[in-house]
């Protein structure tokens, strides 16, 4: 059924695609009269990209961890309050961008903790120019308004979300992804595939978001074998443009406790269930699936599933048992996987018995 809940699409991010990210940054600095940027990155990217040499005149946060926590963000918020910042440059994967969005909020609304910023619903303001530069082809966060922050002590996942947190600019330079190792390449492209499908089997979808998602899937399925970084990075951003309007759904709901309690990388946790959910969703998204089949040159769902399985065929496991999950854990996991605001985005009504069946299928 080709039914869309609405036809309203919105995304304000200016996307720049080329092979000279640093030149683009300097052009934006000049255009926006940026004098005191704060550079946000991870330890790995700090060394790999030469952040220190390129931005030695500016303040740099170079230690964003995977899955940034409430405690980490609170500490950094206290540090950056003393900086005179007029822009934030986030260079990295999803975790770097998640943290950067908290820092943007903290510079617009001072003297607030991370949790207070997450719970803040009034206008944040947009006084800080933001430039996001992905170094993986999976996050899509460079074109969305939300970020994920974790409370590992209390086993809670939070989302900071506000219209004012859309980045002003996204710079796509595939050369920044060239040195990704094979496992991270697979993890991130599966995250992009998950974002795409999640926005299709979604009650919030609209015509434009679905078009972006289908185009992303087309590019991913035609390029995952040869790791065409330029195309995969573009597909990741297209997937971001898709779910920027729909939010994610059931696959991500299931993924959160898998990452939090078993340290399953997000891209694997969010894509473990894709095959089961495709089977469940098929009758509701048949029109979109037929469009995908035609684009990638296959005939039916079985062939599509075979293609996805061929991506799975790596040294990475997509079985819960291989990540330390025991059979006795499945029933307690059901409630933890049932994130109401994500489950309700799914195009099919799912109860907890259905959830248990899905978990058993991927065990």
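In this note's numbering, the protein residues as written are 3 to 365.
From the three backbone atoms N, C-alpha and C, an ideal C-beta is built for every residue, glycine too.
Excluding the 5 residues flanking residue i on each side, which residues of the same chain have their C-beta closer than 6 angstroms to its C-beta?
i           : result
residue 170 : 131, 132
residue 241 : 142, 194, 197, 198, 218
residue 262 : 157
Can you round the beta-carbon distance between residue i and residue j to whole angstroms, since I take them to be within the 8 angstroms contact cut?
i           : j           : result
residue 41  : residue 83  : Wrong, their Cβ atoms sit about 17 angstroms apart, outside the cutoff.
residue 125 : residue 166 : 7 angstroms
residue 78  : residue 105 : 7 angstroms
residue 320 : residue 364 : 7 angstroms
residue 206 : residue 69  : That belief does not hold up - the Cβ atoms of residue 206 and residue 69 are roughly 25 angstroms apart, past 8 angstroms.
Counting only the same chain and skipping the five closest in sequence on each side, list residues whose C-beta sits under 8 angstroms from that of residue i.
i           : result
residue 67  : 44, 74, 97
residue 301 : 295
Using the three-state DSSP reduction, which class does residue i fall into: helix, strand or coil?
i           : result
residue 123 : coil
residue 266 : coil
residue 394 : The displayed coordinates of the chain run from 3 to 365. Any statement about residue 394 would go beyond what the structure contains.
residue 158 : strand
residue 29  : helix
residue 174 : strand
residue 181 : coil
residue 149 : strand
residue 240 : helix
residue 105 : helix
residue 44  : coil
residue 3   : Bear in mind that a pLDDT of 47 at residue 3, under 50, signals an unreliable position, so the number given afterwards is only what the model happens to contain. Reduced to three states, the DSSP call for residue 3 is coil.
residue 86  : coil
residue 335 : helix
residue 19  : strand
Taking Cβ positions, are residue i and residue j nearer each other than 8 angstroms?
i           : j           : result
residue 2   : residue 333 : As shown, the chain starts at 3 and ends at 365. That puts residue 2 outside it, with no answer to give.
residue 208 : residue 71  : no
residue 238 : residue 147 : no
residue 168 : residue 15  : yes
residue 227 : residue 234 : no
residue 182 : residue 136 : no
residue 108 : residue 119 : yes
residue 150 : residue 211 : no
residue 255 : residue 349 : no
Within its chain, find whatever has a CB closer than 7 angstroms to the CB of residue i; leave out the 5 residues flanking it on each side and keep chain order.
i           : result
residue 310 : 276, 277
residue 177 : 21
What residues match up with residue i in a beta bridge as DSSP calls it?
i           : result
residue 204 : 348
residue 71  : 152
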